[in-house]
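Participant:
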Amino acid sequence: MEFFKTNTKIDFMRQRKWAALFSSILFIFSIVSLVVNGLNLGLDFTGGLQLQMHYKQPVNFSKVRNELNKVGFPEAVVQAYGTSQDIIVKLQPKAKASRSAIIKKVTASLVGAKLQQVDYIGPEIGKTLVANGLLAIFISLIATMAYIAIRFEYRFGISSTVALIHDPVLILGIFSFFHIEFNVIALAAVLTVIGFSLNDTVVVYDRVRENFRKLRKGTSVEVLNLSVNQTLSRTIMTSGLTLVVVVALFLFGGPTLRGFSLALIIGIVIGTYSSIYVAGSLAIIMGLSKQHLMPPEKGPVDDLP
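Residue numbers for the sequence shown follow numbering that gives the first Met the number 0, beginning at 0 and rising by one.
As structure tokens, this is what we get:
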């Protein structure tokens, strides 16, 4: 624990130009991948069939997925439902197969399973989910920028918003490039990352404002470096411990939670990086100085008669 008590003096801002170049390359790469490849949207967005099945004994999920893979449904999503004997099978629509043919094929492959209910999720519902998800992200970014601009300074508001746009775009770019399925659970992880990254950014900004008011000398770069170093132990502890939990979830949480945990892993790493090298550096580029964060001077008080 001695490491976390030590006052580090790492010159983070020295690498800000290289970090800006690195972030720009990754951001452009992510945008290109999203335009060219798009996202591998899950059943929540594309629509399809949802089958509720019941077994007399606890379900072996690996065996169920293997059986579905054998009959031509490698993309099928198998989830627990209620008890250990009930499952939900989600299937994307196939152009040349009717719903009844798909249902018959699935029930025949899953020996010992009894079909209890069939639901069809239309593509209209998926479009609504996409629209609502994008709206949620947009509103959260606008609200975040307004909050930080009011609490700190407008340069902080703009730079933090750029950082919060930077993080989810990079996550989506990785999902797009590697064709990882993106569903509602992964969308929830992206929104979670926005909140996590914002928390790191606010901690750094709060220390920057405090140090600007305490220190009579020192440039904006020196104050930001000092602030990042002062909050470094807190950042390592928070991000590190959260990352350990999320990695465990990725390894042992099963296929259902893999997209969620992967998005969080990427987001924690990128969010910690962006709170320093995107949000912090951009505020300096925009001309942040001590005068911008000093409290307004009080005017002269007239003597009482």
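Note that the Cβ used here is the ideal one computed from N, Cα and C, for glycine as well. Because the structure is a prediction, the values reported are computed rather than measured.
(1) How is the alpha helix (DSSP H) around residue 121 delimited, first residue to last?
(2) Near residue 158, what residues of its chain come up, given a Cβ to Cβ distance below 6 Å and the 5 sequence neighbours on each side ignored?
(3) Identify, in the order they occur along the chain, each residue of the same chain with its Cβ nearer than 7 Å to the Cβ of residue 38, setting aside the five sequence neighbours on each side.
(4) Using alpha carbons as the reference points, say which of 165, 58, 50 lies closest to residue 103.
(5) Taking a contact to mean a Cβ-Cβ separation below 8 Å, would you say residue 137 touches residue 188 in this structure?
(6) Helix, strand or coil for residue 79 per DSSP?
(7) Out of curiosity, what's the CA-to-CA distance linking residue 169 and residue 63?
(8) Near residue 230, what residues of its chain come up, given a Cβ to Cβ distance below 7 Å and the 5 sequence neighbours on each side ignored?
(9) Report all residues from its chain with a CB closer than 8 Å to the CB of residue 135; omit the five preceding and five following residues, and keep chain order.
(10) Taking the alpha-carbon positions, what's the residue 20 to residue 143 distance?
(11) Could you check where the alpha helix (DSSP H) with residue 287 kicks off and where it finishes?
(12) Apart from the five residues just before and just after residue 89, which ones in its own chain have a Cβ nearer than 6 Å to its Cβ?
(13) Classify residue 178: buried if its beta carbon has 16 or more other beta carbons within 10 angstroms, exposed otherwise.
(14) Tell me residue 113's beta-bridge partners as DSSP assigns them.
(15) For residue 183, which option in 15, 36, 40 has the closest C-alpha, if you only look at C-alpha atoms?
(16) With the cut-off set at 8 Å, would you say residue 163 and residue 128 are in Cβ contact?
(17) By how many angstroms is the C-alpha of residue 22 removed from the C-alpha of residue 155?
(18) Using the C-alpha atoms, what's the distance from residue 276 back to residue 18?
(19) Residue 224 and residue 85 - do their beta-carbons sit closer together than 8 Å?
(20) For residue 180, which beta-bridge partners are listed by DSSP?
(21) Where does residue 3 fall in DSSP's three states?
(22) Counting only runs that start and end within the stretch 146 to 218, where is the alpha helix (DSSP H) found for 4 or more residues in a row?
(23) Alpha carbon to alpha carbon, how far is residue 244 from residue 193?
Facilitator: This is what the structure gives:
(1) Here residue 121 refers to the residue found at position 122 when the sequence shown is read from its first residue. First-last for residue 121: undefined, no H or E at that position.
(2) Looking up residue 158 in the sequence shown gives position 159. Excluding sequence neighbours, residue 158 sits near 278, 281, 282.
(3) Along the sequence shown, read from residue 1 onward, the residue named residue 38 stands at position 39. Correct list, in chain order: 171, 174, 175, 181.
(4) Numbered from 1 along the sequence shown, position 104 holds the residue referred to as residue 103. When each option's Cα is compared against that of residue 103, the closest is 50.
(5) Taking the sequence shown and counting its residues from 1, the one referred to as residue 137 is at position 138. Taking the sequence shown and counting its residues from 1, the one referred to as residue 188 is at position 189. With respect to the 8 Å criterion, residue 137 and residue 188 are not classified as neighbours on the basis of their beta carbons.
(6) Residue numbering aside, residue 79 sits at position 80 when the sequence shown is read from its first letter. Three-state DSSP puts residue 79 in a strand.
(7) The sequence position of residue 169 within the sequence shown is 170, counting from 1. The sequence position of residue 63 within the sequence shown is 64, counting from 1. Looking at the two C-alpha atoms, the distance is approximately 34 Å.
(8) Here residue 230 refers to the residue found at position 231 when the sequence shown is read from its first residue. Cβ within range, chain order: 202, 203, 206.
(9) Translated into positions along the sequence shown, residue 135 becomes position 136. Counting only Cβ-Cβ distances below 8 Å, and skipping sequence neighbours, we find 190.
(10) Position 21 of the sequence shown, counted from the first residue, corresponds to residue 20. Position 144 of the sequence shown, counted from the first residue, corresponds to residue 143. Approximately 25 Å, taken between the alpha carbons.
(11) Working through the sequence shown from its first residue, we reach residue 287 at position 288. No alpha helix (DSSP H) holds residue 287; DSSP gives it neither H nor E.
(12) Taking the first residue of the sequence shown as 1, we reach residue 89 at position 90. If we look at residue 89 and ignore the five residues flanking it on each side, its Cβ neighbours are 42, 49, 76.
(13) The residue labelled residue 178 in the question sits at position 179 within the sequence shown. Exposed: under 16 other Cβ atoms inside 10 Å.
(14) Within the sequence shown, numbered from 1, the residue matching residue 113 stands at position 114. 53.
(15) Position 184 of the sequence shown, counting from 1, holds the residue named residue 183. When C-alpha distances from residue 183 are compared across 15, 36, 40, the shortest belongs to 40.
(16) Within the sequence shown, numbered from 1, the residue matching residue 163 stands at position 164. Within the sequence shown, numbered from 1, the residue matching residue 128 stands at position 129. Cβ distance not < 8 Å, so residue 163 and residue 128 don't count as in contact.
(17) As a position in the sequence shown, residue 155 is number 156, starting the count at 1. As a position in the sequence shown, residue 22 is number 23, starting the count at 1. Looking at the two C-alpha atoms, the distance is approximately 18 Å.
(18) Here the question's residue 18 lines up with position 19 in the sequence shown. Here the question's residue 276 lines up with position 277 in the sequence shown. The straight-line gap from Cα to Cα measures roughly 6 Å.
(19) Start at 1 with the first residue of the sequence shown, and residue 85 comes out as number 86. Start at 1 with the first residue of the sequence shown, and residue 224 comes out as number 225. Against a cut-off of 8 Å, the Cβ pair of residue 224 and residue 85 comes out as no contact.
(20) Sequence index remark: in the sequence shown, residue 180 carries index 181 (1-based). Partner(s): 39.
(21) Taking the first residue of the sequence shown as position 1, residue 3 is located at position 4. Low local confidence applies: a pLDDT of 42 at residue 3 is under 50, so the model's placement there is unreliable, with the coordinate-based value given in what follows. Assigned with DSSP and collapsed to three states, residue 3 falls in helix.
(22) 153 to 176, 183 to 213
(23) Here the question's residue 244 lines up with position 245 in the sequence shown. Here the question's residue 193 lines up with position 194 in the sequence shown. Their Cα atoms are separated by approximately 18 Å.
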